[in-house]
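Residue numbers (this note's numbering): 661 to 1086. All residues carry an ideal CB built from backbone N, CA and C; glycine is no exception. In this text the structure is predicted, and so the values were computed from the model without any measurement. Below you'll find the structure, written out as structure tokens, and then a few comments.
Below, the structure is given as structure tokens:
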């Protein structure tokens, strides 16, 4: 007992506050009630020790690692943990070998891989045989969209669990637990507590690190907002979830409105507020298609390249790349013709206008297709002197795409006028 108490005391004194307050049970876990509340499917799987492979997807500090440890405590399976950033190929091979050996004796294995999106394709592929055979139950954790960053074969064999940033109520509960743990209920003024919660932006780890810093540098009087700013070197521009969407909206509307100076200001606000540069770049990719389109096709190319660039370099250098992109997009000619075009086409389909594929357009490559008349009457565009097929490709004529008289779409309109004159009905 003495040794246990001594070890516990040492751990309590030396481990970071975030580690000390890590929940040990589902009852201690704060937040995500819609996913982990009583009678939810995931909670039942955990409590019954019948978990299937899952990928926990959410921002930093939302509780992914903590949840994996709770699962490990509830399960009779052996628990292996890897960090995709730190682990070598040999570490992954060793973990999978351990899981296979355990499986031979009927022992299940939970394999937790933090930052799973950081594994390259070959490393992710290495998981598939053991996933298929049931040698491992995977618990992946990622801050990136798994549908883009994780092997599709792994995604199809896993349940995606989307965890959002923690609410201010959840952070307030964690803050109260922290001050109770530190036995210092007068550490902050009420205004300072609200400020810390707002600054944490849904990140429990960030919240607890700030509380720990303030506790180690506390004074006789409760700390004020100014005291916290002085300790954390905060510029006070972190934003709430509502401001996050408002600032993003202001940025997009400024770019759409061809105002590069306003767009740069709203970008600066997002940067100083701690916004993820990848989020900004993804929004600008959407804008490049939605609001510029074929008026300047280079806009989408530059926006996509910017996303790759910011993923490689991160802040602070990514602000240069984002600035270049925003000034380009803001000053580019604008067109929403492509946006309107797909809306019209979808609307037609949603109205139940479902044409049969004309025989001339049906696949004629497989055996017996030609006997069915597939491909008969098809006009191959490259056989035409101008490379334009005279054939209409819908049973009835529809015009969804109407280019604007700006940028490159002026050239496209001239081209379309020529195509429409040549086109003949089916």
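Proximal residues to residue i (C-beta, below 8 Å), its chain only, five neighbours per side dropped
i: residue 775; result: 743, 744, 745, 801, 802 and 803
i: residue 606; result: In the structure as shown, the chain starts at 661 and stops at 1086, and residue 606 therefore has no counterpart that could be examined.
i: residue 793; result: 763
i: residue 778; result: 744 and 745
i: residue 783; result: 744, 749 and 752
i: residue 877; result: 891
Distance between beta carbons of residue j and residue i, contact taken as under 8 Å
i: residue 713; j: residue 791; result: 6 Å
i: residue 983; j: residue 1069; result: In fact, because the Cβ distance is near 26 Å, the residues do not count as touching under 8 Å.
i: residue 955; j: residue 920; result: Going by Cβ atoms, the distance from residue 955 to residue 920 rounds to 16 Å, so no, they are not a contact pair.
i: residue 924; j: residue 989; result: That pair is no contact at about 11 Å.
Beta-carbon gap between residue i and residue j smaller than 7 Å
i: residue 986; j: residue 964; result: no
i: residue 1064; j: residue 997; result: yes
i: residue 718; j: residue 867; result: no
i: residue 839; j: residue 847; result: yes
i: residue 951; j: residue 929; result: no
i: residue 826; j: residue 864; result: yes
i: residue 682; j: residue 726; result: yes
i: residue 762; j: residue 740; result: no
i: residue 871; j: residue 828; result: no
i: residue 629; j: residue 962; result: Because the chain spans 661 through 1086 in this model, residue 629 falls outside it and cannot be assessed.
i: residue 711; j: residue 769; result: no
i: residue 1050; j: residue 1082; result: yes
i: residue 730; j: residue 686; result: yes
i: residue 795; j: residue 760; result: yes
i: residue 728; j: residue 772; result: yes
i: residue 1019; j: residue 1036; result: yes
i: residue 1015; j: residue 1055; result: yes
i: residue 882; j: residue 849; result: yes
i: residue 813; j: residue 788; result: yes
Beta-carbon proximity list for residue i, same chain, < 6 Å, skipping 5 on both sides
i: residue 978; result: 937 and 970
i: residue 910; result: 926
i: residue 966; result: 941, 981 and 985
i: residue 695; result: 702
Cβ shell of residue i (< 7 Å), same chain only, five flanking positions each side left out
i: residue 1078; result: none
i: residue 1071; result: none
i: residue 820; result: 715, 717 and 806
i: residue 896; result: Only weak support exists for where residue 896 lies, its pLDDT of 47 falling under 50; the coordinates are left without a value.
i: residue 957; result: 1068
i: residue 885; result: 851, 852 and 855
i: residue 720; result: 803, 863 and 865
i: residue 1062; result: 997
i: residue 837; result: 681
Cβ-heavy atom distance, residue i to the ligand GTP, below 6 Å
i: residue 691; result: As presented, the structure is devoid of all ligands, the ligand GTP included, so that no description of it is given.
C-beta neighbour in chain C for residue i, strict 7 Å
i: residue 913; result: Looking for chain C here will not work: only one protein chain is present.
Cβ contact check for the stretch 960-973 and the stretch 935-946: 3 or more pairs under 8 Å: yes
Runs of beta strand (DSSP E) wholly within the stretch 795-872 (minimum 3 residues, chain order): 797-802 and 819-822
Unbroken stretches of the beta strand (DSSP E), 3 residues or longer, contained in the stretch 719-788: 738-743 and 769-774
Runs of alpha helix (DSSP H) wholly within the stretch 958-1022 (minimum 4 residues, chain order): 958-973, 978-991 and 997-1010
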